Each structure stands twice: as C-alpha cells, then as structure tokens.
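Working notes, structure below.
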Amino acid sequence: MLGGDGLNKKTIILIAIVLLWMGVIYNYSDKNGKESKLSSDRVIKAVEVVGKTSLADKKNSKMTDIRYIRLVRKSAHIMSYLILAVLVFMASYEIKKSINKSIWYSFIISTLYAMSDEYHQYFVPGRSASIKDVGIDMIGIILGIILIYTIYKKVKKVNL
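Under this note's numbering, the first residue of the sequence shown carries the number 2, and numbering increases by one thereafter.
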C-alpha cells in the first residue's frame with residue numbers, strides 16, 4: 002500500500018489507464034465532422050488493404066461508402082466502450098474486490114461517460130449528440146462487462 006490506507010500501485014496504474022482511455026475517447030469525439038470522416042475513411046482503406054478487397058463498390062459507391070462509414074463509426078463506438086467497461090471493471094475490482102459491485106461501477110461510470118461524451122459532441126463543429134449513439138455505446142459496455150465477468154469467473158474457478 003502507498004501511504005498507509007492509500008491505494009496500492011496496481012490500483013493507481015489501473016485508474017490511470019481508465020483515465021487515459023477516457024482521454025482517447027474524448028480526443029476522437031473532439032474532432033470536427035470533417036476530421037472524423039477522414040478517420041473513418043482511413044479505417045475503411047486499411048480494411049480494404051488487409052482484406053485485399055474494395056469495400057467501395059464502384060457502381061453504388063456513394064451508398065456503399067455511407068454504409069461502410071456508418072459500420073466503421075458504430076463499430077468504433079462499441080469497441081471504445083467495451084474497452085472502457087473492461088478497464089473500469091478491473092480498476093473497481095482492484096479497489097472493492099467484489100464482482101457484483103464492479104459490474105455496477107463499470108456500467109454506471111461507462112454509461113455516464115458515454116452520455117457526457119455525446120453532450121460534448123453537441124458543441125463540436127460538424128458533429129451532433131445522439132441518444133442512439135449512447136445506446137450503441139451501451140451495447141459495447143454490456144459486452145465488455147459480460148466478457149470481463151466471464152473471464153473473472155473462470156479465473157476464480159481455476160484459483161480455487
């Protein structure tokens with residue numbers, strides 16, 4: 002323990018990682034509409050290179066582009082908040098040593114951050130706030146909690 006009843010080094014590191022990841026999410030949502038679209042376009046190009054295929058069908062390119070950009074953006078929401086939920090769970094478990102409390106802390110903190118992130122986007126030029134995006138973020142949060150809960154339960158069984 003650091004400083005008597007203070008937090009131990011592992012807990013401080015986990016909290017720092019949570020805050021760092023929140024900063025990454027904030028950084029992406031702080032990009033204006035044009036910068037955000039360029040980021041999505043780069044991801045699509047990378048997928049095309051890795052998959053050795055063209056996602057943009059030339060005959061329906063406008064519609065296809067819109068679909069893939071939407072898919073990339075919504076997938077980014079899910080993955081970003083899945084990771085956040087896992088990290089918050091890990092940090093809270095390190096503090097509370099309770100799986101049930103960690104599930105709730107992870108859900109509440111991650112959901113509140115998703116809501117504040119959408120509110121923040123309302124003020125970014127070319128961006129908007131969307132309740133639908135908070136719902137998509139919550140899908141990632143729930144998947145993250147299920148994932149980390151399953152892992153912790155299996156690890157706990159192995160250590161018995």
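Positions of the beta carbon are idealized from the N, C-alpha and C atoms, including for glycine. Predicted model only: the values in this text are computed from it and were never measured.
(message) Give me, in chain order, the residues of the same chain whose beta-carbon lies closer than 8 angstroms to that of isoleucine 96; leave out the 5 immediate sequence neighbours on both sides.
(response) Taking the first residue of the sequence shown as position 1, residue 96 is located at position 95. Leu8, Thr12, listed in sequence order.
(request) Determine the DSSP secondary structure at lysine 32, reduced to helix, strand or coil. (result) Counted from its first residue, the sequence shown places residue 32 at position 31. Lysine 32: coil per DSSP, three-state reduction.
(message) Among Phe108, Tyr114, Tyr94, whose alpha-carbon lies nearest the alpha-carbon of lysine 154?
(response) By 1-based counting over the sequence shown, the position of residue 154 is 153. When only C-alpha atoms are compared, the closest one is Tyr94.
(request) Would you kindly work out how many angstroms separate the C-alpha atoms of isoleucine 132 and lysine 157, rounded to a whole number? (result) On the sequence shown, position 131 is the one that residue 132 refers to. On the sequence shown, position 156 is the one that residue 157 refers to. When rounded, the distance between both Cα atoms is 37 angstroms.
(request) Note down, one range per segment and in chain order, each alpha helix (DSSP H) of at least 4 residues found wholly within the region 71–125. (result) 100–122
(request) Look at tyrosine 82 and serine 111 and say whether their C-beta atoms are less than 8 angstroms apart. (result) Numbered from its first residue, the sequence shown carries residue 82 at position 81. Numbered from its first residue, the sequence shown carries residue 111 at position 110. The answer is yes: Cβ separation under 8 angstroms.
(request) Under the assumption that serine 137 contacts isoleucine 79 (Cβ atoms under 8 angstroms), give the Cβ distance between them as a whole number of angstroms. (result) Within the sequence shown, numbered from 1, the residue matching residue 137 stands at position 136. Within the sequence shown, numbered from 1, the residue matching residue 79 stands at position 78. Sequence inspection shows isoleucine at residue 137; the serine mentioned does not correspond to that position. Right, the Cβ-Cβ distance comes to about 6 angstroms (below 8 angstroms), so this counts as a contact.
(request) Determine the direct distance from the alpha carbon of glycine 141 to that of glycine 147, and round the result to whole angstroms. (result) Numbered from its first residue, the sequence shown carries residue 147 at position 146. Numbered from its first residue, the sequence shown carries residue 141 at position 140. What sits at residue 147 in the sequence shown is isoleucine, not glycine. Cα to Cα, the separation comes out at about 10 angstroms.
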